[in-house]
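In what follows, a single structure is set out as structure tokens and then discussed.
In my numbering, the protein residues as written are 397 to 947.
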């Protein structure tokens, strides 16, 4: 376990264990000798700047503090609070139409434009925050790891890291971890993707000191106890059941595994059930984390937090910690293979068809035109409540869903990674309609050489509106910032992206569409596949289309 391999951080131990002076009395004698006596609360010291991948960061220096002083800054909460009938609740008999919080002072708002701030700890971990002055904070720790970086011997370990998150650490038992989250009303979890692993918590902003160090403790000091790891094996089966129940996600997984056959982005997101008992052990998980979870590969993002306070508590969490060395690792470029996959599901009367093509990824100049193209195609389900912003005037709604009652859904998809991605169409209908569904999709792809000024303008405005609307959601903003830093090392703001969208022309869309269609297609069919056309039919049709466009 990490706590055995590396020195335990006393500062993390103190901050993670709870609240108030009672904690100081318990821990003070044991831990105070680990700190240099420096009276008074610390402020994170920033000395100089560091430029990482073109982004300027303030450097936060580590400093040692008196543990008894640090503990005084930890927000108080009833750590062992169990709950009850609230017989002493003074609001018990107050009618619901009478406000009960009038006695609570509300500080006047300080209206100012939210500013994105960047800092980096001495050990290389980057910190990014945006304070929109909301009362609820979102914290996320992103690690540049995931299924893409797994070797055959490590297959599924990213998923196991997700399963064992927020369990016992060197500082808190599993019970105390969950109890802390419950008492403070926090919500969160861990999600392992293809290029990143994200730990996140949503909480009231005053509990940021507890939440930030709780997240760090789960990454730095997981105990990975055998009985807890073994208990997680059943989570693998549940994860597969959830994936199968979400047809769209399952088709996306099949699409990735087919498009990048047996390499990088084609590695399975979920662990293999058959390997669980002998392969997914605490030692293997620990070795995987030691290989990938270095500070230089980590980004901590906070929304609705004070940046200096966040830096201070993260500095304290790492101050006494000997960082995992940033070991070199093989980062193979994705090899797009294309191909096809037909998977029958006898219990499913519908046929789900996806036709995809490789894009050049997030860092490509084609990113914005491809995204505009996806918005222009749009699409959705056969049922919609309508209303502004629903994409009812997008091309796939007008040409496909409104004209073909047997089509259950039809939409364009666009999934981007740092150096590759997938763009295409996803269409669903009854199994016997499969040949017709494929022809409908191919027909819409044939039309990607002609765009009207109105639909281009509508797509650009819709895309900009979606970007700004999503940025209002703190959790979405937190995930977006973290993923952008992981993929490119910098953050493109909504305003900057909107400017790039405005610059896209019809010629750009035609150019990027022609480039996409020259790629070998990926063809996936799931559900009732008995009537589905063969891959050669799709490939030949697209090849002739590409040849015609090239003339």
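Just so you know, even glycine gets a beta-carbon here, dropped at the ideal spot from N, CA and C.
To which residues of the same chain is residue 560 closer than 7 Å at the C-beta, ignoring the five residues directly before and after it? 618, 620, 624, 625, 628 and 681
Helix or strand or just coil, what does DSSP make of residue 411? Note that residue 411 scores 32 on pLDDT, short of 50, meaning its location in the model is unreliable; the coordinates nonetheless yield the value given after this. Residue 411: helix per DSSP, three-state reduction.
Out of 640, 604, 777 and 675, state which residue places its alpha-carbon closest to the alpha-carbon of residue 824. 777
Spatial neighbours of residue 536 within its chain, please: C-beta separation below 6 Å, excluding the five flanking residues on both sides. 594, 596, 697, 874 and 878
According to DSSP, simplified to helix, strand and coil, what is residue 423? Bear in mind that a pLDDT of 30 at residue 423, under 50, signals an unreliable position, so the model cannot answer this.
What would DSSP say about residue 937, mapped onto helix, strand or coil? helix
Restricting to Cα atoms, I'd like to know which of 934, 581, 793 and 763 is closest to residue 907. 763
Near residue 636, what residues of its chain come up, given a Cβ to Cβ distance below 7 Å and the 5 sequence neighbours on each side ignored? 666 and 669
Other residues of its chain near residue 581: CB distance less than 8 Å, five sequence neighbours each side excluded: 599 and 600
Which value, in whole angstroms, describes the spacing of the CA atoms of residue 941 and residue 538? 42 Å
Check residue 588 in the structure and name its three-state DSSP category. strand
C-beta contact flag for residue 577 and residue 706 at 8 Å: no
Buried or exposed: where does residue 708 fall if 16 or more other Cβ atoms within 10 Å of its Cβ makes it buried? buried
With DSSP as the reference, label residue 437 as helix, strand or coil. At residue 437, the pLDDT of 45 sits below 50, so the modelled position is not reliable; the number obtained from the coordinates is stated separately. Residue 437: coil per DSSP, three-state reduction.
Drop a sphere of 10 angstroms on the beta-carbon of residue 753, count the other beta-carbons inside from all chains shown, and report buried for 16 or more, exposed for fewer. buried
Could you pull the start and end residues of the beta strand (DSSP E) that residue 454 belongs to? 451-457
Do you know offhand how far residue 884's Cα is from residue 759's? 7 Å
If you measure from the beta carbon of residue 665 to each beta carbon in chain D, is any gap under 8 Å? Protein chain content of the structure displayed is limited to a single chain, and chain D is not contained in it.
Entirely within the region 590-654 and at least 3 residues each: give me those beta strand (DSSP E) ranges in chain order. 593-600
Reducing DSSP to helix, strand and coil, say where residue 529 ends up. coil
Looking at residue 548: is its Cβ nearer than 8 Å to the Cβ of residue 661? no
Selection from 854, 891 and 849 that minimises the alpha carbon distance to residue 903: 849
Quick check on residue 470: does DSSP put it in helix, strand or coil? coil
Can you tell me whether residue 341 is buried or exposed? The criterion is at least 16 other CB atoms within 10 Å of its CB, across all chains shown. In the structure displayed, the chain extends from 397 to 947; residue 341 sits before or after that span and is not available.
Give me, in chain order, the residues of the same chain whose beta-carbon lies closer than 6 Å to that of residue 756; leave out the 5 immediate sequence neighbours on both sides. 762
Mind checking residue 711: buried by the 16 CB within 10 Å criterion, or exposed? buried
Report the option in 915, 924, 923 and 927 whose CA atom is closest to the CA atom of residue 936. 915
Check each candidate in 926, 841 and 860 and name the one with the smallest Cα separation from residue 913. 841
Take every Cβ of the region 714-725, pair it with every Cβ of the region 515-529, and state whether three or more of those distances are shorter than 8 Å. yes
Of the choices 812, 773 and 802, whose alpha-carbon is the least far from that of residue 793? 773
Reduced DSSP secondary structure (H/G/I, E/B, other) of residue 506: coil
Continuous beta strand (DSSP E) stretch holding residue 699: start and end: 694-699
I'd like to confirm the pairing. Which residues does DSSP put opposite residue 736 in its beta bridges? 919
At the level of alpha carbons, what is the spacing between residue 938 and residue 917? 8 Å
Simplified DSSP state of residue 460, which is helix, strand or coil: coil
Please identify the residue among 663, 791 and 901 whose C-alpha is closest to the C-alpha of residue 541. 663
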